[in-house]
Each structure stands twice: as C-alpha cells, then as structure tokens.
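Q:
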Amino acid sequence: MKKNSLSLLLSLLLFPVAPSFSACAVSSAPVEEQVLLFSFFKEPNGRDGLHLATSEDGINWSELNDGKSFLVPCVGKDSLMRDPSICQGPDGLFHMVWTSSWKSRSIGYACSKDLIHWSEQRDLPVMEQDLSTKNCWAPEIFYDDQSKMYYIVWASSVDSNPDAPNKDGNNHRLFEVHTKDFTTFSPARLIYCPPSMTVIDGCFLKKEDTYYLFVKNEDKGAASPMKYIYMTSADSFLGPYPYEKSYGEWKISPEWVEGPSVFEWKGEVFLIYDMYRTKKYGAVRSKDMKNWSKEETLNIPRGLRHGTVFKAPASVLRNIIKHIQK
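Take 1322 as the starting number for the sequence shown in the numbering used here and just add one per residue.
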C-alpha cells in the first residue's frame, strides 16, 4: 500500500468521523465498521509465529507491528505456527488454529479478545484416534451461524483410508471436528474425499443459504491441469460437496498455487492464493460466484505465506495500532 493511503487509513481509524443520524430514523445500536485483517506466517517454517496485515481494498496489504510476531508458538511436536487461521465468534473472541508440525496428529489452538493478548496455547489431538495419520495440515476455522458451531477443517494423509487414491505416498483428504466451547469436540470425520484426486487447503464462505468450499487439487504428474484451486458448494456446512468429474472442470486459479483464502468485501468475493513458485500472491474476484475476474497480483508484505483473511471491528485495529505506538 502506498504511504499516503496507509496514513489516511490510520487517520480514519484513530480519529473516526462521528456518524450522523436522521431525526426520524428508527433508534438502534450502530453497527461497528469492519476492517480486513490477514493472519499469516513467515519462513523459516513459521517458527517466529503469528503475523498480521491490514488492507482497505483486499489487494494492497500493509504489515502491522513493524513485521514482528504477535504470538510465538510453543506447542506441538515441532513448535511451528504455519497456516494460522482466525475467526471471530459471537462471543467477541478471536479463535485461531494453525499447523504445529509437519508430521503429527494434532494442531495448535489459542484465543484472544484483542489479537494482542492470547490465551494459553493448546495442542488439539484431532486425529489421535487414527495412528496411521501422517500429518494435520492447514487447519481452517469457520463459525456457522446456522448450527451455532465452530468447525475446524484440515488435510490429513491417512494410511487407513483405502478409498483414497495414493499419490507420491500420500492420500490427503479433508477432515473436520466441531465444537461449541473448545472444550468438547466431535470425533474427527471425513468431510471431503474425492475418489480420483488428493486435496488439501480447504477454505469456506457462506453466502445466503449456500456454503462454498474452495480446495486445492494436490495431484501432480498424471494430472492435467494440476495443483489449482477449484470451487464446490452445498446446502449445509457438512455437505455433501460434489466432486470434479474431470481435472480442471471447476478450476478458478492458475496451476501451481496453494493456501487459498476467500472473503467478501464491498460487494465482491475475493479468492486469494499463494503462487509459491514465484513468491507472489494472486487474486481473482466475482460478484456472482460464477464469473471470475482476470488474475491480479497482490501487494503483500515481504515473506508472507499461507494464512487467512478475516474481518474484525475497526476498534480492534485501532487498539492494535495504539498498542504498537506505545
């Protein structure tokens, strides 16, 4: 983001203009302005923890806290914090999950009321019941206002899954658990298991009464095209979500991308993704979930890797900026 644009954003956040009200307007509590935030990690391997950026338009992103981490990981087999995913629940708390190890049956979890001060980190053994599980990658957290549940979805390669095709020794599929209180969790179950391809990096968007799943085709070699993001949809969060009948049928992104994040902003749906071969981020957008724009390149902080874009009250961002400036 250009310097003058960032200065204007900070000015509006720190010294907001008071809203005007009509004398004949129905009295109601004002809805607080929302801002875009991006949780992400940096190499090497996410060891220094959580990073945050903000944007006015979903394309130009400015890093917060002068590039320093907001939370250093301390749980999991490898104590990593890759692929951090954050959502705010109706209780006002921000809940975060992340990849804590390359090879384990658990993921990391913590919560915060302000994205500055965090709870004690926990290691959630989401796949502990299946000893053949090789990994738990890129967990995504989603609050469903219909079921009043928090859903956590991730990719695992599981040797005990005979129906999944095995590519390069892995058969990644999407699994989920759900909870209302982060104390009691459902057993892990398959939520998306295409019969002909391996998949990772699932992310979700609810629009009206439809749930959209964006997922990466992880196949390579035999697949053509390969390693792209496609979209499928269902009437409930748990699906069932249809599969592609042939490679590229529902392809939205170019090939050789990963780490998608989807969000709605100012009347458009943005799908962004990590073009990891060129160390850039790309984006496409749509107004109708059918026609997608020509790809744009994001202006992102140096070193930004797979994370999640989420919305937060403007007061949360103002508080972060004030905290940083102390």
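Think of the CB as a built atom: it goes at the ideal place given N, C-alpha and C, for glycine as much as any other residue.
#1: Just to confirm, does Pro-1405 get its C-beta within under 7 Å of one of the non-hydrogen atoms of the ligand COA?
#2: Quick one: grab the DSSP three-state call for Asp-1595.
#3: The beta strand (DSSP E) with His-1307 in it runs from where to where?
#4: Output the distance between the C-alpha atoms of Tyr-1562 and Lys-1647, rounded to the nearest integer angstrom.
#5: Using a threshold of 8 Å, state whether the C-beta atoms of Glu-1539 and His-1499 are closer than that.
#6: Going by CA-CA distance only, name the one from Phe-1535, Ser-1517, Met-1470 that's closest to Thr-1505.
#7: Between the C-alpha atoms of Phe-1391 and Asn-1620, what's the straight-line distance to the nearest angstrom?
#8: What does the Cβ neighbour count give for Thr-1618, buried or exposed, with the cut at 16 atoms within 10 Å?
#9: Which of the three DSSP states is assigned to His-1372 in this structure?
#10: Quick one: what does DSSP say Asp-1378 is sitting in, helix, strand or coil?
#11: Please classify Glu-1497 as buried or exposed, where buried requires at least 16 neighbouring CB atoms within 10 angstroms.
#12: Please report how far the alpha carbon of Pro-1634 lies from the alpha carbon of Tyr-1472, in whole angstroms.
#13: Under a Cβ-count criterion, where at least 16 other Cβ atoms within 10 Å of its own Cβ denotes burial, should Lys-1643 be classed as buried or exposed?
#14: Of the residues Ile-1550, Phe-1535, Lys-1548, Thr-1531, which one's Cα is nearest the Cα of Asp-1556?
#15: Please go through the same chain and pick out, in chain order, the residues whose beta-carbon is closer than 6 Å to the beta-carbon of Phe-1584, but skip the five residues on each side of it.
#16: Can you give the Cα-Cα distance for Leu-1357 and Ser-1453, rounded to whole angstroms?
A: For this structure:
#1: For the ligand COA, the structure offers nothing, since it holds no ligand at all.
#2: In the structure shown, the three-state DSSP call for Asp-1595 is strand.
#3: Only positions 1322 to 1647 of the chain appear in the structure, and residue 1307 is not among them; the question remains open.
#4: The C-alpha of Tyr-1562 lies about 48 Å from the C-alpha of Lys-1647.
#5: Contact flag unset, no.
#6: Minimum Cα distance to Thr-1505 is reached at Met-1470.
#7: The straight-line gap from Cα to Cα measures roughly 21 Å.
#8: That one is exposed.
#9: His-1372 falls in the strand class under three-state DSSP.
#10: Asp-1378 sits in coil when the DSSP states are folded into three classes, being neither helix nor strand.
#11: Buried.
#12: Near 22 Å, if we compare the C-alpha coordinates of Tyr-1472 and Pro-1634.
#13: Counting other Cβ atoms within 10 Å of its Cβ, Lys-1643 stays below 16 and is therefore classed as exposed.
#14: It is Thr-1531.
#15: The residues are Phe-1591, Val-1630.
#16: Going from the Cα of Leu-1357 to the Cα of Ser-1453 covers about 39 Å.
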